[in-house]
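Engineer: Residue numbers (my numbering), protein chains in the order written: chain A, 562 to 835; chain B, 106 to 418. I'd like to ask you about the structure that follows.
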Amino acid sequence: MRKARIQGVVATAILSVIIISSLLAPVLAPYPPNATEISIRLQGPSAAHPLGTDSLGRDMLSRALYGGRASMLLALAATLISMLVGMVLGMISGYYGGIADWCITAATNISQGLPGTCLMIAVAGVLGPSVFSLLLALTLTSWAGFSRIVRTEVLRMREEPYIEAMRCLGSGDLRLLFRHMLPNMLHNIAILFTIRTGRCVLSIASLSFLGLGVQPPNPDWSVMVYDARLHYRSASHLIIVPGLCIFLLLLAINMLGDALRDRFDVRSEEVREC
Amino acid sequence: MLRYSLQKILSLIPVLAGISLIAFLLGVVSPGDPAEIALSRGGMSEATREQVSAMRREMGLDLPLPVQYARWLGNALKGDLGKSFSTGEPVGQALARRLPVTLRLAAYAMLLTCFFGILFGILSAAYKDRTVDLCIRGAASVILSLPGFWLAILMILIFAENLRWLPTSGVGGAKSMLMPAVTLSVATMATAARLTRSALLTEMGKQYCLAANARGIGKYRLVVRNALPNAIVPVVTLLGNYFGGILGGSVIAETIFALPGIGSYAVQAIYMRDYPALQGYVLITGLIYVIITLVIDILSLVLNPKIRLGGGA
Chain A
562 MRKARIQGVV ATAILSVIII SSLLAPVLAP YPPNATEISI RLQGPSAAHP
612 LGTDSLGRDM LSRALYGGRA SMLLALAATL ISMLVGMVLG MISGYYGGIA
662 DWCITAATNI SQGLPGTCLM IAVAGVLGPS VFSLLLALTL TSWAGFSRIV
712 RTEVLRMREE PYIEAMRCLG SGDLRLLFRH MLPNMLHNIA ILFTIRTGRC
762 VLSIASLSFL GLGVQPPNPD WSVMVYDARL HYRSASHLII VPGLCIFLLL
812 LAINMLGDAL RDRFDVRSEE VREC
Chain B
106 MLRYSLQKIL SLIPVLAGIS LIAFLLGVVS PGDPAEIALS RGGMSEATRE
156 QVSAMRREMG LDLPLPVQYA RWLGNALKGD LGKSFSTGEP VGQALARRLP
206 VTLRLAAYAM LLTCFFGILF GILSAAYKDR TVDLCIRGAA SVILSLPGFW
256 LAILMILIFA ENLRWLPTSG VGGAKSMLMP AVTLSVATMA TAARLTRSAL
306 LTEMGKQYCL AANARGIGKY RLVVRNALPN AIVPVVTLLG NYFGGILGGS
356 VIAETIFALP GIGSYAVQAI YMRDYPALQG YVLITGLIYV IITLVIDILS
406 LVLNPKIRLG GGA
């Protein structure tokens, strides 16, 4: 328990630093993130450019400061949409059963019957790179986890005495689902949400690395990795800086997820593997 | 057991149908008219409207979508996945040529995952809360946060560029597969180690293990002979998930290490806007994944008498 708390505190601290520095990027960045200066391209760290410059002579520190914004916003948005879609479908499927349950369960099986990355690159590849196709691709691969866990929880709670009692007192379906069942599964959803946000950050970075995610010249960590593909052999700071940023963000998110899991003592396989 | 296996196989039919539907729809929503693309590949730069509509009829694009799907699926079942827009080569042939590379890579990665994942899990559980355990758990947390492509590039920088131990890319012997396989397997290795650890600790808390411990049985015997056979079941059950992750991740690994597998084929297909190739990739990947999941389901059935004797899961 104590260990979980320390882990949670450390994770929150790293996350806060990343979020605050992204928010304050316009103040903190020594140069505009897209200002090019070809004469100083591919330079290593120096006093004027503490993290060096990239292939167009842009300041790496300034770009790194701005770089979390798009990734984090997109990952949060995608996870939020996945959560809402998965929650509603999972509730319908678990609470009402019947044909709806059959269809939704089949859909979760199908979307989990394809490796996530495969489906994602197919969708982003066919629709072309854009915010919409990125969100669609991420949501298509994330919703099923939420739906499955909500369905299991609703099924478990549906016959519980306190739910029966509320039903006898005249509570409607919506009231039962949202007022009485939802609070009881909120911790599971919160853990899954944290883990999923991390996965989405990773997916966005991978897609961008393939040229299917956030598009240049956006100063985003994943775009910086993509830009670095051609030059990393001669200028390794190009790949180390953005990779390290993504790594730290993921580490903080995963630690937070682990801490939440220990805190609520969740062992459910769904939460771990969805 | 036979009944359970049959049930499993039957339950996969809707999943396979769904995957084929997704692959088909990818072609439908893709931008551009396949008939015009086919004509321009035939060397016709400015096709007239009559020519395009004749081509559409010939390719069956004027039929209703369900009919098109049935025809497409019928062809796919015969192994005909259409011709690539960019090279004109039948997609089925290209995938068949490239599949062995991906499968070999995935097999190496699975091997690494199973061996090291379970080994580290056992060590971690046997030395719970000691230095070994803390190191393994710390390493697992770090590894799970490493983006695969970043790890791959760092490894190229260190082992290929600086130390010159390993080739950077291409297909050769097992040596050329080492870095891609490590890239693909580290994340699943860490998950497998964590899972093995927690499953082992659960088993070791049970009475039969406490009793064995009280009788003064050696630690090796206790962990490996008594607890492991029971703890391994949940680990095996999730091997299918790991295989899915490895199969999906091979897209990135194949691209970085220039391996001619189906993953790099899919990436090329995206750049060339070669939708039949992409459809074929999705279909094949889904099919392999489903088959592997089935095999692992049956395997965990063999390993777990509870399901076998209890008349199904």
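Backbone N, C-alpha and C fix where the C-beta goes; we use that ideal spot for every residue, glycine too.
Can you look up Asp845 (chain A) in the DSSP assignment and give me helix, strand or coil?
Structural biologist: Since the first and last residues shown for chain A are 562 and 835, residue 845 (chain A) lies out of range.
Engineer: What are the residues of the segment 355–380 of chain B that lie near chain A, defined by any Cβ-Cβ distance shorter than 8 Å?
Structural biologist: Within the segment 355–380 of chain B, the residues whose Cβ lies closer than 8 Å to some Cβ of chain A are Val356, Ile357, Thr360, Ala371, Val372, Ala374, Ile375, Tyr376, Tyr380, listed in chain order.
Engineer: Report all residues from its chain with a CB closer than 6 Å to the CB of Gln776 (chain A); omit the five preceding and five following residues, and keep chain order.
Structural biologist: Within the first sequence, residue 776 (chain A) is the residue found at index 215, counting from 1. Around Gln776 (chain A): Pro690.
Engineer: With a Cβ-Cβ cutoff of 7 Å, do Gly838 (chain A) and Asp788 (chain A) count as a contact?
Structural biologist: This structure cannot settle anything about residue 838 (chain A), because the visible part of chain A is limited to 562 through 835.
Engineer: By Cβ distance, which residues of its chain are closer than 6 Å to Pro334 (chain B), with the 5 residues on each side in sequence left out?
Structural biologist: To locate residue 334 (chain B), count along the second sequence from 1; it is residue 229. Cβ within range, chain order: n/a, list empty.
Engineer: Check the Cβ of Ala529 (chain A) against every Cβ in chain B and list those closer than 7 Å, keeping chain order.
Structural biologist: Here chain A comprises residues numbered 562 to 835, so residue 529 (chain A) is not present and cannot be evaluated.
Engineer: Quick one: grab the DSSP three-state call for Lys188 (chain B).
Structural biologist: Along the second sequence, read from residue 1 onward, the residue named residue 188 (chain B) stands at position 83. Strand, per DSSP.
Engineer: Which chain A residues are close to Leu249 (chain B), counting only those with a beta carbon under 7 Å from its beta carbon?
Structural biologist: Within the second sequence, residue 249 (chain B) is the residue found at index 144, counting from 1. Result: Asn815.
Engineer: Can you tell which of A:Gly818, A:Ser672, A:Ser694 has its C-alpha closest to the C-alpha of His748 (chain A)?
Structural biologist: If you number the first sequence from 1, residue 748 (chain A) lands on position 187. It is A:Gly818.
Engineer: Starting from the beta carbon of Ala766 (chain A), find every residue of chain B whose beta carbon is closer than 7 Å, and list them in chain order.
Structural biologist: On the first sequence, residue 766 (chain A) is found 205 positions in, with the first residue counted as 1. Pro252, listed in chain order.
Engineer: Trp270 (chain B): buried (16+ other C-beta within 10 angstroms of its C-beta) or exposed?
Structural biologist: Within the second sequence, residue 270 (chain B) is the residue found at index 165, counting from 1. Exposed is the call here.
Engineer: Can you give me, in chain order, the residues of the segment 792–808 of chain A that have a beta carbon less than 7 Å from any beta carbon in chain B?
Structural biologist: Listed by position along the chain: Tyr793, Arg794, Ser797, Ile800, Gly804, Ile807, Phe808.
Engineer: Ser732 (chain A) to Ile710 (chain A), Cα distance in whole Å?
Structural biologist: What you label residue 732 (chain A) is simply residue 171 of the first sequence in a count that begins at 1. What you label residue 710 (chain A) is simply residue 149 of the first sequence in a count that begins at 1. So the two alpha carbons sit approximately 24 Å from each other.
Engineer: Using a Cβ cut-off of 7 Å (strictly closer), state whether Thr640 (chain A) contacts chain B.
Structural biologist: Along the first sequence, one-based indexing puts residue 640 (chain A) at 79. Thr640 (chain A) does not count as touching chain B.
Engineer: Flag this pair as yes or no: are the beta carbons of Leu675 (chain A) and Ile124 (chain B) separated by less than 7 Å?
Structural biologist: Against the first sequence, residue 675 (chain A) aligns to sequence position 114. Against the second sequence, residue 124 (chain B) aligns to sequence position 19. Closer than 7 Å, so yes.
Engineer: Which residue comes first and which comes last in the alpha helix (DSSP H) that contains Arg757 (chain A)?
Structural biologist: Start at 1 with the first residue of the first sequence, and residue 757 (chain A) comes out as number 196. From DSSP, the alpha helix (DSSP H) with Arg757 (chain A) extends over 743–770.
Engineer: Thinking C-alpha only, which one of B:Arg299, B:Asn180, B:Val206, B:Arg209 is nearest Asp238 (chain B)?
Structural biologist: Along the second sequence, read from residue 1 onward, the residue named residue 238 (chain B) stands at position 133. Among B:Arg299, B:Asn180, B:Val206, B:Arg209, the Cα nearest to that of Asp238 (chain B) is on B:Arg299.
Engineer: Does the structure place the segment 111–125 of chain B close enough to the segment 162–172 of chain B that three or more beta carbon pairs sit under 8 Å?
Structural biologist: No contact exists between the segment 162–172 of chain B and the segment 111–125 of chain B.
Engineer: Based on Cα-Cα distance, which residue from A:Leu773, A:Leu688, A:Gln568 lies nearest to Val133 (chain B)?
Structural biologist: Walking along the second sequence from the start, residue 133 (chain B) turns up at place 28. Ranking A:Leu773, A:Leu688, A:Gln568 by Cα distance to Val133 (chain B) puts A:Leu688 first.
Engineer: Name the two residues that bound the continuous alpha helix (DSSP H) containing Ile127 (chain B).
Structural biologist: Taking the second sequence and counting its residues from 1, one reaches residue 127 (chain B) at position 22. Per DSSP, Ile127 (chain B) belongs to the alpha helix (DSSP H) from 107–134.
Engineer: Is the shortest distance between the beta-carbon of Ser189 (chain B) and the beta-carbons of chain A less than 7 Å?
Structural biologist: Reading the second sequence from its first residue, position 84 is the one you call residue 189 (chain B). For Ser189 (chain B), the answer is no, since every Cβ of chain A falls outside 7 Å of its Cβ.
Engineer: Examine chain A for any beta-carbon lying closer than 7 Å to the beta-carbon of Ser125 (chain B), and answer yes or no.
Structural biologist: Reading the second sequence from its first residue, position 20 is the one you call residue 125 (chain B). Ser125 (chain B) does not count as touching chain A.
Engineer: What span of residues does the alpha helix (DSSP H) with Val196 (chain B) cover, start to end?
Structural biologist: As a working mapping, residue 196 (chain B) is identified with position 91 in the second sequence. 196–231 is the extent of the alpha helix (DSSP H) around Val196 (chain B).
Engineer: In whole angstroms, give me the CA-to-CA distance for Val372 (chain B) and Ile396 (chain B).
Structural biologist: Within the second sequence, the letter at position 267 stands for residue 372 (chain B). Within the second sequence, the letter at position 291 stands for residue 396 (chain B). One C-alpha to the other measures close to 24 Å.
Engineer: Quick one: is Pro676 (chain A) near chain B, going by C-beta distance under 7 Å?
Structural biologist: As a first step, residue 676 (chain A) is located in the first sequence; it is residue number 115 there, counting from the start. Chain B contact via Cβ: present.
Engineer: Say whether chain A places a C-beta atom closer than 7 Å to the C-beta of Trp255 (chain B).
Structural biologist: The residue you call residue 255 (chain B) lines up with position 150 of the second sequence. Yes, its Cβ sits closer than 7 Å to a Cβ of chain A.
Engineer: Looking only at its chain, what residues have a beta carbon closer than 8 Å to the beta carbon of Arg330 (chain B), apart from the 5 residues adjacent to it on each side?
Structural biologist: Locating residue 330 (chain B) in the second sequence gives position 225, where the first residue counts as 1. Cβ within range, chain order: n/a, list empty.
Engineer: Starting from Ala159 (chain B), trace the alpha helix (DSSP H) both ways and give me its first and last residue.
Structural biologist: In the second sequence, counting from the first residue as 1, residue 159 (chain B) sits at position 54. Element bounds for Ala159 (chain B): 154–164.
Engineer: Check whether the segment 632–649 of chain A touches the segment 604–619 of chain A, counting contact only when three or more Cβ pairs, one atom from each stretch, lie closer than 8 Å.
Structural biologist: Counting Cβ pairs under 8 Å, fewer than three are found: no touch.
Engineer: I need the DSSP call for Thr236 (chain B), collapsed to helix, strand or coil.
Structural biologist: For the purposes of this step, residue 236 (chain B) is taken as the residue at position 131 of the second sequence. Looking at Thr236 (chain B) - three-state DSSP - the assignment turns out to be helix.
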